[in-house]
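In our numbering, the protein residues as written are 445 to 783. Everything on this sheet refers to the single structure shown next.
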């Protein structure tokens with residue numbers, strides 16, 4: 445991180461750039477019971493740190509990121525808790541104040557570049573719009589900076605690509621263009637929501653290496669949202685495992701992979717194909733689906749799918765316990781045989 449950035453970036457009392465506390469998101473449709481998508485999520489992100497949010501689709505990962513960015517609709521949604529950055533709770537800012545911070549202080553790389561990019565506007569104009577709005581550049585300077593950004597993220601012949609439309613780019617190039625837009629104003633916090641979805645493994649590796657390099661160069665904090673534990677293994681330092689809108693386990697990457705304690709984390713890791721597995725061995729799977737859960741208020745949400753469920757998992761909500769740098773929310777965790 446540059447000296448200028450450091451001086452302009454006061455941290456929270458915990459030393460974090462971003463501090464999320466008891467974040468809660470409830471969707472309410474007329475005539476239907478409320479749906480709790482995020483239920484008391486708390487985590488910190490320090491400058492230069494890569495933090496992962498992991499879980500199946502429907503666990504609350506993307507909704508958490510959209511709440512942090514203040515991109516959820518106003519109608520039919522209730523957001524509670526606090527999201528503190530630079531000593532300011534982002535949830536209390538006006539729409540205009542938050543709009544000024546997006547792109548400048550925090551940015552997001554969305555999951556699907558084909559739908560996130562405007563299909564009828566050239567890539568160059570979509571990049572220069574950010575530069576002109578937040579950095580006050582004129583048209584010529586913004587176009588030059590946009591070409592440099594496209595080159596930085598690995599897009600070949602960047603000056604010509606400025607005039608290309610999204611449909612004229614490959615999936616990997618569209619994702620790189622989204623990253624270029626997100627980085628245009630050198631934000632101190634970058635949120636990447638499954639940025640390698642639908643990309644082949646070669647392009648996935650290139651995108652992940654690009655994100656790692658950008659974090660090293662700029663000192664920015666990165667929140668990586670993914671269901672792919674392979675991505676987590678190669679990128680994240682601290683991993684938050686979400687289920688039913690709550691963090692059920694948090695640990696440093698190596699500890700989490702070596703000794704997963706929550707049955708859900710254990711199940712996710714066991715369901716990854718292994719090259720050293722015997723031929724024909726059946727791949728273990730977590731039974732049921734993410735909709736087969738119970739309310740956290742009086743239960744463990746994972747109980748209907750959990751192979752280690754005990755009687756008190758239904759009727760008693762597990763308390764959050766933190767020991768040795770690991771957060772765990774479980775009545776009957778997997779034994780820490782190698783912890």
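Quick reminder that beta carbons are idealized off the backbone N, C-alpha and C, glycines included. Remember, predicted model here, so these are calculated numbers, not experimental data.
Identify every residue that forms a DSSP beta bridge with residue i.
i	result
residue 765	772
residue 701	Answer is none; residue 701 lacks a bridge partner.
residue 526	465
residue 720	According to DSSP, which records beta bridges pairwise, residue 720 is partnered with nothing at all.
residue 552	635
residue 532	529
residue 480	470
residue 709	In DSSP, residue 709 forms no bridge with anything.
Taking the alpha carbon of residue i as the point to measure from, which residue in the options has its own alpha carbon closest?
i	options	result
residue 679	686, 692 and 665	665
residue 609	516, 582, 732 and 564	564
residue 615	476, 559 and 575	559
residue 466	780, 542 and 764	764
residue 684	718, 770, 575 and 757	770
residue 658	630, 507 and 732	630
residue 812	745, 767 and 557	The question about residue 812 has no answer here: the residues shown for the chain are numbered 445 through 783.
residue 634	595, 646 and 656	656
residue 714	654, 550, 748 and 727	727
residue 555	697, 647 and 622	622
residue 749	730, 739 and 766	730
With a CB to CB cut of under 7 angstroms and the five nearest residues on each side skipped, what residues in its chain are close to residue i?
i	result
residue 777	705 and 706
residue 446	The pLDDT assigned to residue 446 is 38, lower than 50, so where the model puts this residue is not dependable; a value taken from the coordinates is nonetheless given after this. Hits under 7 angstroms: none found.
residue 589	575 and 581
residue 399	With the chain running from 445 to 783 in the structure shown, residue 399 is simply not present.
residue 494	659, 666, 668, 679, 680 and 681
residue 544	none
residue 780	703 and 705
residue 652	640, 675, 678 and 679
Going by beta carbon distance, what residues of the same chain come within less than 6 angstroms of residue i, once the five residues before and after it are set aside?
i	result
residue 788	No answer is possible for residue 788: it lies beyond the span of the chain, which begins at 445 and ends at 783.
residue 700	683
residue 472	478 and 520
residue 711	730
Within a Cβ cutoff of 8 angstroms, which residues of the same chain sit near residue i, ignoring the five residues on either side of it in sequence?
i	result
residue 592	602
residue 516	469, 507, 510 and 523
residue 448	Only weak support exists for where residue 448 lies, its pLDDT of 37 falling under 50; the coordinates are left without a value.
Going by other Cβ atoms of all chains shown within 10 Å of its Cβ, with 16 needed for buried, is residue i buried or exposed?
i	result
residue 538	exposed
residue 754	exposed
residue 567	buried
residue 414	Only positions 445 to 783 of the chain appear in this structure, which leaves residue 414 out of reach.
residue 583	exposed
residue 450	Legend: pLDDT at residue 450 = 37, less than 50; position of this residue unreliable, value from coordinates given subsequently. Exposed, by the Cβ-count rule.
Mind reading off the beta-carbon distance from residue i to residue j? Whole number of angstroms is fine, and I expect it under 8 angstroms.
i	j	result
residue 759	residue 742	6 angstroms
residue 618	residue 561	6 angstroms
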